[in-house]
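In our numbering, the protein residues as written are 400 to 859. Contents: one structure, followed by commentary.
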Amino acid sequence: MTSLPPQPLSPLDGRYRAAVSPLADHLSEAGLNRARVEVEVEWLIALTDRYLFDTAPLSESQKDQLRVLYLDFGQVEIDWLAAKEAVTRHDVKAVEYLVRDRLTQMGLDGIAELTHFACTSEDINSTAYALTVKRAVHDVWLPKLREVIATLKKLAEKHRDAPMLSRTHGQPATPTTMGKELAVFAWRLQRVAAQVAASDHLAKFSGATGTWSAHLAADPTVDWPLVSREFIESLGLGFNPLTTQIESHDWQVELYDRIRHAGGILHNLATDIWTYISLGFFSQIPVAGATGSSTMPHKINPIRFENAEANLEIAGGLLATLSQTLVTSRLQRDLTDSTTQRNIGVALGHSLLALDNLTRGLGEISLAQHVLDADLDANWEVLAEAIQTVVRAEITAGRSAITDPYALLKDLTRGRRVAGPELAEFVQGLDIGDDAKRRLLALTPAGYVGVAGSLVDTLR
Numbered sequence: 400m401t402s403l404p405p406q407p408l409s410p411l412d413g414r415y416r417a418a419v420s421p422l423a424d425h426l427s428e429a430g431l432n433r434a435r436v437e438v439e440v441e442w443l444i445a446l447t448d449r450y451l452f453d454t455a456p457l458s459e460s461q462k463d464q465l466r467v468l469y470l471d472f473g474q475v476e477i478d479w480l481a482a483k484e485a486v487t488r489h490d491v492k493a494v495e496y497l498v499r500d501r502l503t504q505m506g507l508d509g510i511a512e513l514t515h516f517a518c519t520s521e522d523i524n525s526t527a528y529a530l531t532v533k534r535a536v537h538d539v540w541l542p543k544l545r546e547v548i549a550t551l552k553k554l555a556e557k558h559r560d561a562p563m564l565s566r567t568h569g570q571p572a573t574p575t576t577m578g579k580e581l582a583v584f585a586w587r588l589q590r591v592a593a594q595v596a597a598s599d600h601l602a603k604f605s606g607a608t609g610t611w612s613a614h615l616a617a618d619p620t621v622d623w624p625l626v627s628r629e630f631i632e633s634l635g636l637g638f639n640p641l642t643t644q645i646e647s648h649d650w651q652v653e654l655y656d657r658i659r660h661a662g663g664i665l666h667n668l669a670t671d672i673w674t675y676i677s678l679g680f681f682s683q684i685p686v687a688g689a690t691g692s693s694t695m696p697h698k699i700n701p702i703r704f705e706n707a708e709a710n711l712e713i714a715g716g717l718l719a720t721l722s723q724t725l726v727t728s729r730l731q732r733d734l735t736d737s738t739t740q741r742n743i744g745v746a747l748g749h750s751l752l753a754l755d756n757l758t759r760g761l762g763e764i765s766l767a768q769h770v771l772d773a774d775l776d777a778n779w780e781v782l783a784e785a786i787q788t789v790v791r792a793e794i795t796a797g798r799s800a801i802t803d804p805y806a807l808l809k810d811l812t813r814g815r816r817v818a819g820p821e822l823a824e825f826v827q828g829l830d831i832g833d834d835a836k837r838r839l840l841a842l843t844p845a846g847y848v849g850v851a852g853s854l855v856d857t858l859r
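This is the structure in structure tokens:
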């Protein structure tokens, strides 16, 4: 058997590439290297802007020309770094040489030694990862999550007054509305989205073991911790002043746990919508030309929700591994975090793919109100809660001599279906006041939804 031509091993880089490709701008190897170049360039500019070591600030034209190295970072730079790393066997050192090469082209060899000045690789890496993860989450992942939330809000508003039978423990229970149930998911996701948006993105810039030793050796008169803080904050990041050789990754653990939390809620949404479809509450809108089953022509399978469910499970597992691994580093440094962080894009990629499927799936369903109505009409016994609660109020008010209303309704309804006429006859015979009796006789399962519809307004 002959070997296949080179193929993507991961479905994220093959079958699903179109859905997740925006993440590659930030979380691919090339995206990481572009951010590393950005950090190296901006650090050099920051040093010269402070006139350190008898330098002078670069002209605006020189700064622009130097920044082009990361602003227009492309295949030429990717290939250059790959060739250099093959020699250096060190990815960050290759980035340093790329910046030095650009300085030579610009006739700025005189400041070349300020490239990567007093930095350990993790100063560059922690800053680059903070930049790439922040941009990936805020520019790609969060907008997609908010798209799901916006879709849920629209559906919740549309179906705010659509009565449906609840199923607690899978059994018929107090009715609600479809809009309110969808609003619950939107509310939960909104809250976690706000937490993700407010997450820290920290970097360290304090040298080999976080002590600024080399910095002070070079110039003991400079407040290097302040210089480092101002530099990191100028990049839009938070500064971690107390570290070992690495930034401790606690902010990443917090972020990935929040994204995993969102994934759990989304997984719950996917399985609930799947169940509603299986109950017939939602019908799926046929897509022209699509095939549901290779042998059963009638089928429209809920593949969007099944795909989302599986990808959320994969993402959750990877995010949990990231959190578990990144929280620990042996003594002042080990390399377990290096390999682990290279899979951030894979974890977020599966999560993003799930979000894409959920957005598309939610747009391909239609509420079958006649099915909901029939389900309600077949379960009048759910009004037992209302009846026994009203009877309790009547007893308290001295308008009834019934001794155990719960047991009374339990005997009538537990484990059996009760039709509307039978329930009405039961209410007519109750020892309660006329007003209470009229209220109960007017109730139907479809009308017993409390303030469910108005709860959707909570999302506004």
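Ideal Cβ placement from N, Cα and C applies to all residues, glycine included.
Check: Just reading off the alpha helix (DSSP H) that F472 is part of, what are its end residues?; Outcome: Looking at the DSSP string, F472 is not in any alpha helix (DSSP H), and its letter there is neither H nor E.
Check: Could one say the Cβ of L625 lies closer than 9 Å to chain C's Cβ atoms, at least one of them?; Outcome: Of the chains in the structure shown, none is chain C; there is only one protein chain.
Check: Tell me whether Q787 sits in a helix, a strand or coil according to DSSP, three-state version.; Outcome: helix
Check: Quick one: grab the DSSP three-state call for P571.; Outcome: strand
Check: Please report how far the alpha carbon of R499 lies from the alpha carbon of R488, in whole angstroms.; Outcome: 18 Å
Check: In the structure shown, what three-state DSSP assignment does S682 receive?; Outcome: strand
Check: Compare the Cα-Cα distances from G748 to each of H769, R414 and P405 and report the closest residue.; Outcome: R414
Check: Which residue or residues does DSSP assign as beta-bridge partners of I764?; Outcome: Q683
Check: Using 9 Å as the threshold, is the C-beta distance between L751 and P421 below it?; Outcome: yes
Check: Which residues mark the beginning and the end of the alpha helix (DSSP H) in which H425 is found?; Outcome: R416 to L426
Check: Which same chain residues, not among the five before or five after L513, have their C-beta less than 6 Å away from its C-beta?; Outcome: L443 and L446
Check: Could you give the first and the last residue of the continuous alpha helix (DSSP H) run that contains D490?; Outcome: D490 to Q504
Check: DSSP three-state call for L554: helix, strand or coil?; Outcome: helix
Check: Assign S693 to one of two classes, buried (16 or more other C-beta atoms within 10 Å of its C-beta) or exposed (fewer than that).; Outcome: Low confidence applies to S693: its pLDDT is 45, below 50, so where it sits in the model is not reliable enough to give any reading.
Check: Can at least three beta-carbon pairs, one atom from the stretch 653 to 662 and one from the stretch 595 to 605, be found at a separation below 8 Å?; Outcome: yes
Check: By the 10 Å Cβ neighbour count, where 16 or more other Cβ atoms means buried, how is A482 classified, buried or exposed?; Outcome: exposed
Check: Going straight from the alpha carbon of L822 to that of P571, what length do you get?; Outcome: 16 Å
Check: Please identify the residue among E439, M577, W650 and A602 whose C-alpha is closest to the C-alpha of S525.; Outcome: A602
Check: Count the CB pairs spanning the stretch 583 to 592 and the stretch 797 to 805 that are closer than 8 Å, and state whether there are at least three.; Outcome: no
Check: Starting from W623, follow the alpha helix (DSSP H) in both directions and report where the run begins and ends.; Outcome: W623 to S633
Check: Expressed to the nearest angstrom, what Euclidean distance is found between the alpha-carbon atoms of P456 and E439?; Outcome: 16 Å
Check: Give a yes or no on whether the C-beta atoms belonging to D522 and F604 are separated by under 9 Å.; Outcome: yes
Check: Would you report the Cα separation of T773 and I713, rounded to the nearest angstrom?; Outcome: According to the sequence provided, residue 773 is Ala. The question's Thr does not apply to it. Those two C-alpha atoms are separated by around 38 Å.
Check: Buried or exposed: which applies to D833, given that a residue is buried once 16 or more other Cβ atoms fall within 10 Å of its Cβ?; Outcome: exposed
Check: Which residue wins for smallest C-alpha separation from L890, given the options N432, G819, L541 and A529?; Outcome: Nothing in the structure corresponds to residue 890, since the chain is present only between 400 and 859.
Check: Since I believe R559 is in contact with G814 (beta carbons under 8 Å), could you give me their beta-carbon distance rounded to a whole number of angstroms?; Outcome: That belief does not hold up - the Cβ atoms of G814 and R559 are roughly 33 Å apart, past 8 Å.
Check: Among T795, L775 and Q827, which has the Cα closest to the Cα of P574?; Outcome: L775
Check: Does T795 pass the burial test, meaning 16 or more other C-beta atoms within 10 Å, or should it be called exposed?; Outcome: exposed
Check: Under the rule that 16 or more other beta-carbon atoms within 10 Å means buried, what is Q787, buried or exposed?; Outcome: buried
Check: According to DSSP, simplified to helix, strand and coil, what is A535?; Outcome: helix
Check: Quick one: any contact between the stretch 528 to 537 and the stretch 625 to 637, if contact means 3 or more CB pairs under 8 Å?; Outcome: yes
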